[in-house]
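A short worksheet on the structure shown next.
In my numbering, the protein residues as written are 711 to 1042.
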């Protein structure tokens, strides 16, 4: 039986340089909106990660996750995604364990390999090593959250007699997600038995993931499948669309730059992937489109953009309120 739907919010904490919100304003508004979302019954907040961008793209999720964890009661906290090769896995295991305690067992962790050369160069990590570093780091995270001391002899990491404290609240540690743009990522999620963040074509990600899970004697319905998709509820699309369009263009524009800077096959899926375009309309229209999207792709988790750059936080607060009262109840 498929997992019940969870609806959440994505934060990349970007602002328009020279605009009317400083980075201090953005972080403050993010925390306050997350508290609102918690009170409205949203299920999770997800953070994204990139580095060295003038618009403030969130480079460090842990401080913000801790602040939100301390101010909320039920909403779960995760990533889509963190760039795993840029972290030392033992230090990361410690940080996530502490966050799991601050949140009282509400942490999850979304894993990506990264693909932007400048980010890897700045942190002294060879881009060509990202696959092996990711695989070994996942193994080390899980060993770190086990009850026993461990040693590890890998290609990238060598560890001796490590025992991480504190252990997470959740048995075995925060649930893991793996992002996949193509089949190798999908097979990695199947091999490690994690939830899936599909970012490519169905036949390159969802289908091989399901086949691999089933071939191992497991049920794909035992896992979650999540995606970011901006959703706006409005009774006046003609009035609101120009502002939303500009914000979404700004938000997505950076990925075109990343694509131009990234070597072929270092992360980008093929055209025609699982839809991640904006959904906008009145409550009935949005509910209908989301319902069909969920059914068609087997989605269990959706995260809408929380504070798109250039949109008034009060407008976005009203959007969350309408989603919570007029849309989400009809999807669950």
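All C-beta atoms, glycine included, are put in the ideal place defined by N, C-alpha and C. Keep in mind the model is a prediction, meaning the values are calculated, not measured.
Buried versus exposed call for residue 754 [16 or more other C-beta atoms within 10 Å across all chains shown]: buried
CB-CB length for residue 820 against residue 790, believed under 8 Å: With 8 Å as the limit, residue 820 and residue 790 qualify as a contact, their Cβ atoms being about 5 Å apart.
Between the CA atoms of residue 897 and residue 889 - distance to the nearest angstrom: 11 Å
Residue 881 to residue 727 span [Cα, whole Å]: 43 Å
Given residue 912 as reference, the closest of 1007, 1031, 904 and 713 once Cα atoms are compared: 1007
Contacts around residue 992, its chain only, beta-carbon distance under 6 Å, and the 5 residues preceding and following it disregarded: 945.
Rounded separation between residue 862 and residue 744 - CA only: 38 Å
Residue 798 classed as buried or exposed, judged by whether at least 16 other C-beta atoms fall within 10 angstroms: exposed
Residue 1019 and residue 957 closer than 9 Å at C-beta: yes
Helix, strand or coil at residue 1040 [DSSP, three-state]: helix
Three-state secondary structure assigned by DSSP to residue 737: helix
Unbroken beta strand (DSSP E) run spanning residue 899, endpoints: Per DSSP, residue 899 belongs to no beta strand (DSSP E); it is in the alpha helix (DSSP H), 893–902.
Cut-off 6 Å between Cβ atoms - residues of its own chain near residue 848, not counting five sequence neighbours on either side: 902
Residue 1126 - DSSP class collapsed to helix/strand/coil: There is no way to answer for residue 1126, as the model of the chain reaches only from 711 to 1042.
In chain order, each beta strand (DSSP E) run of at least 3 residues that lies wholly inside the segment 730–814: As summarised for the segment 730–814, the continuous beta strand (DSSP E) elements at least 3 residues long and confined to that stretch are 754–757 and 786–789, given in chain order.
Cα-Cα separation between residue 899 and residue 1035, rounded to whole angstroms: 34 Å
Whole-number beta carbon distance between residue 771 and residue 757, since they are thought to touch under 8 Å: 4 Å
Alpha-carbon to alpha-carbon, residue 767 and residue 731: 14 Å
Buried or exposed (CB count within 10 angstroms, at least 16 for buried), residue 734: Exposed, since its Cβ has fewer than 16 Cβ neighbours within 10 Å.
Straight-line gap, residue 961 to residue 865 (C-alpha atoms, nearest Å): 37 Å
Beta-carbon spacing of residue 996, residue 1033 below 9 Å: yes
Beta-bridge partners of residue 716, as assigned by DSSP: 1011
Residue 1025 to residue 959 span [Cα, whole Å]: Each residue's Cα considered, the two are about 18 Å apart.
Same chain only: Cβ atoms within 6 Å of residue 988, ignoring 5 sequence neighbours per side: So the list reads 940 and 958, once near-sequence residues are dropped.
Residue 1035 in three-state terms, based on DSSP: helix
Residue 887 - containing beta strand (DSSP E), residue span: 886–890
Cβ pair count under 8 Å reaching 3, the segment 997–1017 against the segment 713–729: yes
Assigned secondary structure, residue 962 (DSSP; H/G/I helix, E/B strand, else coil): helix
Element boundaries [beta strand (DSSP E), containing residue 917]: Taken as a continuous stretch (DSSP letters only), residue 917 belongs to no beta strand (DSSP E), being part of the alpha helix (DSSP H) at 916–925.
Assigned secondary structure, residue 850 (DSSP; H/G/I helix, E/B strand, else coil): helix
Boundaries of the alpha helix (DSSP H) in which residue 827 is found, first to last residue: 827–832
Continuous beta strand (DSSP E) stretch holding residue 862: start and end: 860–863
Residue environment, residue 773, which counts as buried when at least 16 other CB atoms sit within 10 Å: Under the 10 Å beta carbon count, residue 773 is surrounded by fewer than 16 other beta carbons and is classified as exposed.
Euclidean distance between Cα positions of residue 1027 and residue 834: 40 Å
Distance between residue 748 and residue 777 (C-alpha atoms, nearest Å): 13 Å
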